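Heads up: the protein sequence lines correspond to chains A and B, in order. According to my numbering, the residues represented by the first sequence are 4 to 291, in order. According to my numbering, the residues represented by the second sequence are 247 to 666, in order. Note that CB positions come from ideal geometry on N, CA and C, so glycine has one too. As the structure is a prediction and not an experimental result, all values here were calculated from the model. One structure is given below, encoded as structure tokens.
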Amino acid sequence: MIQATRARVSVAWWLTGILIFWTVQGCGGPVRYTRAVNENPELVVRLEARYGQGQSHGYDGAVMPFDHPTAFGRIEIETILRGLRVQLRKSLLTLGAAESGPKEAFTESERRSFAPVLVEAFAKARPDEWVVFVLSHPRGGEADHRGGPGVTEVTSGGFLVEGLQLHFVLANYHSAVSMPLILARMRDDPLRPAGEVFYELVPGAHQTVRQFDSIKSTWDPIKPFRAGLSELAIDYQAARIVPDESMRAPDGGYSAEERLRALQRLRDQGLVTEEEYRLKRQKLLDEL
Amino acid sequence: MSGKRATIYGKLAIVMALVLVILAGGLLATVREAKAIPAWARKYNADCAMCHYPVVPRLNSFGHQFRRAGYRTPDEFNKEQDVSKVGDFLSVRARARFGYENKEGGIERSEFTLNDATFFYAGALTKNFSAFVESEIESTGDIELVGQLQGVFGRSDRYVSIRGGQMHPLQRMGFGGFDRPTGISTNPLHSTTLTRAGTISGANFALNKDQKGIEVAYVQGRARLLGQVLNGLNQDGSGTATKGDTDPQKDYLVAYEHILDDIASGFTLFYYRGTYHQTATPSAISQRFDFSRFGVNANKIFPVSFGFFELQGGFVRSYDNVPSSVGTDVEGNAFYVESQQVFKDTWLTFIERYALIDQDAARKNTKRQDYTLGAVMPVQTWLRAAAEYTYSDNRAETVPGTALTGTSSHSALLELMANW
Chain A
4 MIQATRARVS
14 VAWWLTGILI
24 FWTVQGCGGP
34 VRYTRAVNEN
44 PELVVRLEAR
54 YGQGQSHGYD
64 GAVMPFDHPT
74 AFGRIEIETI
84 LRGLRVQLRK
94 SLLTLGAAES
104 GPKEAFTESE
114 RRSFAPVLVE
124 AFAKARPDEW
134 VVFVLSHPRG
144 GEADHRGGPG
154 VTEVTSGGFL
164 VEGLQLHFVL
174 ANYHSAVSMP
184 LILARMRDDP
194 LRPAGEVFYE
204 LVPGAHQTVR
214 QFDSIKSTWD
224 PIKPFRAGLS
234 ELAIDYQAAR
244 IVPDESMRAP
254 DGGYSAEERL
264 RALQRLRDQG
274 LVTEEEYRLK
284 RQKLLDEL
Chain B
247 MSGKRATIYG
257 KLAIVMALVL
267 VILAGGLLAT
277 VREAKAIPAW
287 ARKYNADCAM
297 CHYPVVPRLN
307 SFGHQFRRAG
317 YRTPDEFNKE
327 QDVSKVGDFL
337 SVRARARFGY
347 ENKEGGIERS
357 EFTLNDATFF
367 YAGALTKNFS
377 AFVESEIEST
387 GDIELVGQLQ
397 GVFGRSDRYV
407 SIRGGQMHPL
417 QRMGFGGFDR
427 PTGISTNPLH
437 STTLTRAGTI
447 SGANFALNKD
457 QKGIEVAYVQ
467 GRARLLGQVL
477 NGLNQDGSGT
487 ATKGDTDPQK
497 DYLVAYEHIL
507 DDIASGFTLF
517 YYRGTYHQTA
527 TPSAISQRFD
537 FSRFGVNANK
547 IFPVSFGFFE
557 LQGGFVRSYD
567 NVPSSVGTDV
577 EGNAFYVESQ
587 QVFKDTWLTF
597 IERYALIDQD
607 AARKNTKRQD
617 YTLGAVMPVQ
627 TWLRAAAEYT
637 YSDNRAETVP
647 GTALTGTSSH
657 SALLELMANW
């Protein structure tokens, strides 16, 4: 009898130990190194090297996986951002929620403030760094937070360039947050969804969507059960030439700066020869 | 080790093992997200962490302020509401349980139950008014109804709230431990009768009973001062039965609560004065108890490396003016202390609670003690799992100087709560 009791107690202790081990292990996340590009309450943009299984977008860290730095132009980025769409994800929780079709992932004012910082970030990014971002603003304005904690809407995610594709992961979209500690966590790791994933990316022209599963901790036995994020791969060479009349210079064309940047990028990627680059560049400068 | 003790420890080990296995299973199946109450999650595109800490249904500081304000965010004050989206107002909850109990000297038993299926229609309806309707169908077949209308007048940082109907007076609405429990069971200070006089029960009153009445509250920033006038409880301890405490004497509650931080720390001070009749004939003054309860509940949450650590506690002083035909007056003391550990990312939460209820402070051996261990965690966005074990030592003298009577018991509960 006593032996049986001891055996049961022993089982309980073993299970306790396993549970504690499980819990501690589950808290482990990727190893991240960050560099700030823009840090203010409304817009955080950082360069972030993420190491750990699955963190480097399919690479193990031994190879520098991304084609960074990349020279984008502001209008080019604004055009690409304009082409990003989201829609309410169908789930049990959103059952009954009235929502129309896809909508723009970034408002015009967000694109205008975000694009120049993204250009700077891609120009500075190293081959192992994501460009991650957090856009946030108080819902209803600062004045409505005077009664205590209010609601802050947060959109966060990350970009990277692989070959001729710009990859975009949206972790949080206009997520309502009230606890500052949760907000701080979202700002700390913009690629991690703070909770329920309500929205998903919708592929448009020159875009393909796939499951993104590289944000999880290194030890993650529950991967098959986790609600996943989607990742958009954008053929930016094609996407950037989508006509965007509002972005054009007064003469109807792209600005000289945009054209010079685009030309430089084409040369860097080996799409034009050094000779072609030099001739075209001189021609553009002559037009100034 | 005697054979009897070995049996007890053996069963304890089985219960602990069962709890841990269930938790491990929960870990395997979890999506590790914070969870949401569906109606408002849909309305605000919000994860449950907007209003809940650490898991549904307990509220965080913002959630309390949202509820105080009649289910509106600060930017929604004095603005008309869109009531056309029914999904923003309707939600359903179901709770399934497996319970085990072993009372000393009694029969060991266990059972599966569908504890309740509950329907909610709640939210702000106009720029000033809101409603909350909760219809709970219990496993017994009984239907419990809570329905209230609330008006809010003022600015988001300073307003007056008037609430009336059949409602939760303080427990499940208050702060600093008066909110709904993190685990499964409500702490015994709020859910049990706190006095006992001689061989009979004292006032058949518990702080968690729903009642009919009206409340006026003034909210300034993080502070709320409230007063309630309530029908009180009938002889069966019910505040919602059709027939009941319909005498002219009303019960009164005054409370002050203060939110200390942006997580869910704060305190509540309260004073409750009421009358209670032992029979259904309230005209018999000789059967009328006048009674009072006052006390404090407080909690503080500390961010730590693994997540959050919380200390919580409360004290209630009870006084029953017992009719001379029944017995002598009785005074009681009760307190509880609780700690919680919340692991970030998983929101796995462990709970430890000790409660002591001295049902008659003037006499020895009238104490009941509860030791509770629990764990809870979200499994899916709409589902949480919880486990709880309680050892209750409820042995006391019923007649002074005689042997202790009553029982001690071991009980365990496993619960799945689903919200849509």
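Contact set between the segment 304-316 of chain B and chain A, restricted to residues whose Cβ is under 7 Å from the partner: N306, S307, F308 and Q311
Below-9 Å beta-carbon distance, L1(A) vs any chain B residue: Outside the shown range of chain A, which is 4 to 291, sits residue 1(A), and nothing can be said about it.
Where Q417(B) falls: helix, strand or coil (DSSP): Position 171 of the second sequence holds residue 417(B). The answer is coil: DSSP assigns Q417(B) none of H, G, I, E or B.
Beta-carbon separation (whole angstroms), T579(B) vs D616(B), contact threshold 8 Å: If you number the second sequence from 1, residue 579(B) lands on position 333. If you number the second sequence from 1, residue 616(B) lands on position 370. According to the sequence provided, residue 579(B) is Asn. The question's Thr does not apply to it. The Cβ separation is near 15 Å, so there is no contact.
Reference I633(B), options N640(B), A621(B), T627(B) and D639(B), closest by Cα: Mapped onto the second sequence, residue 633(B) falls at position 387. Strictly speaking, residue 633(B) in this sequence is Ala, with Ile absent from that position. Nearest of N640(B), A621(B), T627(B) and D639(B) to A633(B), Cα basis: A621(B).
DSSP-derived helix/strand/coil call for S511(B): Your numbering for residue 511(B) matches position 265 in the second sequence. Correct three-state label for S511(B): coil.
I509(B): contacting residues in chain A (beta-carbon distance under 8 Å): Within the second sequence, residue 509(B) is the residue found at index 263, counting from 1. Ordered by position in chain A, the residues that pass the 8 Å Cβ test against I509(B) are M182 and L184.
Three CB pairs or more closer than 8 Å across the segment 507-527 of chain B and the segment 318-329 of chain B: no
Proximity below 9 Å, CB of L167(A) to CB of Q240(A): Locating residue 167(A) in the first sequence gives position 164, counting from the first residue. Locating residue 240(A) in the first sequence gives position 237, counting from the first residue. Their beta carbons are under 9 Å apart, which means L167(A) touches Q240(A) by this criterion.
G207(A) versus L235(A) - alpha carbon distance: On the first sequence, position 204 is the one that residue 207(A) refers to. On the first sequence, position 232 is the one that residue 235(A) refers to. About 10 Å.
Alpha-carbon to alpha-carbon, F555(B) and F548(B): What you label residue 548(B) is simply residue 302 of the second sequence in a count that begins at 1. What you label residue 555(B) is simply residue 309 of the second sequence in a count that begins at 1. The straight-line gap from Cα to Cα measures roughly 5 Å.
Touch test, the segment 324-338 of chain B against the segment 287-295 of chain B, Cβ-Cβ under 8 Å, three pairs minimum: yes
Best match in K93(A), E111(A), V200(A) and L282(A) for proximity to E81(A) [C-alpha to C-alpha]: For this step, residue 81(A) is matched to residue 78 along the first sequence. Of the candidates K93(A), E111(A), V200(A) and L282(A), the one whose C-alpha sits nearest the C-alpha of E81(A) is E111(A).
Validate contact between the segment 557-569 of chain B and the segment 532-547 of chain B using beta carbons, cut 8 Å, 3 pairs: Yes, the segment 557-569 of chain B touches the segment 532-547 of chain B.
Listed by chain order, chain B residues near R142(A) by CB distance under 9 Å: Residue 142(A) sits at position 139 when you count from the first residue of the first sequence. Correct list: Y290, T319, P320 and D321.
Enclosing beta strand (DSSP E) for H140(A) [first to last residue]: In the first sequence, the residue the question calls residue 140(A) occupies position 137. Here the beta strand (DSSP E) through H140(A) covers E132 to P141.
Buried versus exposed, by CB contacts within 10 Å (16 or more), D289(A): Translated into positions along the first sequence, residue 289(A) becomes position 286. Exposed: under 16 other Cβ atoms inside 10 Å.
Within chain A, partners of M296(B) - CB distance below 9 Å: Numbered from its first residue, the second sequence carries residue 296(B) at position 50. Correct list: V154, S178, A179, V180, S181, M182, I185 and G198.
Proximity test, Cβ basis, 9 Å: P549(B) and chain A: In the second sequence, counting from the first residue as 1, residue 549(B) sits at position 303. Chain A contact via Cβ: present.
S407(B) versus A544(B): straight-line alpha-carbon distance, rounded: By 1-based counting over the second sequence, the position of residue 407(B) is 161. By 1-based counting over the second sequence, the position of residue 544(B) is 298. Approximately 23 Å between the Cα atoms of the pair.
Classification of F358(B) by the beta-carbon crowding that lies within 10 angstroms, buried from 16 upward: Taking the second sequence and counting its residues from 1, the one referred to as residue 358(B) is at position 112. So F358(B) counts as exposed.
Nearest candidate by alpha-carbon position, reference L557(B), set T574(B), E598(B), Y518(B) and G483(B): Mapped onto the second sequence, residue 557(B) falls at position 311. Residue nearest to L557(B) within the set T574(B), E598(B), Y518(B) and G483(B) is E598(B) (criterion: CA-CA distance).
Neighbour flag for F201(A) against chain B, beta carbons, 9 Å: Within the first sequence, the letter at position 198 stands for residue 201(A). Under the Cβ distance rule, F201(A) counts among the residues neighbouring chain B, one pair being separated by less than 9 Å.
Buried versus exposed, by CB contacts within 10 Å (16 or more), R339(B): Walking along the second sequence from the start, residue 339(B) turns up at place 93. Result: buried.
Local Cβ density within 10 Å of M663(B), reported as buried at 16 or more and exposed below that: For the purposes of this step, residue 663(B) is identified with residue 417 of the second sequence, where counting begins at 1. By the neighbour-count criterion, in which a residue is buried when 16 or more other Cβ atoms sit within 10 angstroms of its Cβ, M663(B) is buried.
For L163(A), three-class secondary structure by DSSP: Start at 1 with the first residue of the first sequence, and residue 163(A) comes out as number 160. Under the three-state reduction of DSSP, L163(A) is assigned to strand.
D293(B): contacting residues in chain A (beta-carbon distance under 7 Å): The sequence position of residue 293(B) within the second sequence is 47, counting from 1. What D293(B) touches in chain A: S178, A197, G198 and E199.
Limits of the alpha helix (DSSP H) - the one that G309(B) falls within: Within the second sequence, numbered from 1, the residue matching residue 309(B) stands at position 63. It spans S307 to R314 - the alpha helix (DSSP H) in which G309(B) sits, taken as one unbroken run.
Interface residues of chain A facing A487(B) [CB-CB closer than 8 Å]: The residue labelled residue 487(B) in the question sits at position 241 within the second sequence. Near A487(B) there are no residues of chain A at all, since even the closest Cβ is about 34 Å away, more than 8 Å.
Length of the line joining the Cα atoms of E661(B) and A74(A): For this step, residue 661(B) is matched to residue 415 along the second sequence. For this step, residue 74(A) is matched to residue 71 along the first sequence. So the alpha carbons of these two residues sit roughly 56 Å apart.
Whole-angstrom distance between R129(A) and L163(A), CA atom to CA atom: To locate residue 163(A), count along the first sequence from 1; it is residue 160. To locate residue 129(A), count along the first sequence from 1; it is residue 126. Near 10 Å, if we compare the C-alpha coordinates of R129(A) and L163(A).
Chain-ordered residues of the segment 614-636 of chain B with a beta carbon less than 7 Å from chain A: T627 and W628
Exposed unless 16 or more other CB atoms sit within 10 angstroms - verdict on R304(B): By one-based count along the second sequence, residue 304(B) stands at place 58. With 16 or more Cβ atoms within 10 Å of its Cβ, R304(B) is classed as buried.
Buried versus exposed call for W17(A) [16 or more other C-beta atoms within 10 Å across all chains shown]: One-based indexing of the first sequence puts residue 17(A) at position 14. Looking at its Cβ environment, which holds fewer than 16 other Cβ atoms inside 10 Å, W17(A) is exposed.
9 Å Cβ cutoff, Q285(A) in contact with chain E: Reference to chain E is not applicable here, since the protein chains of this structure are A and B.
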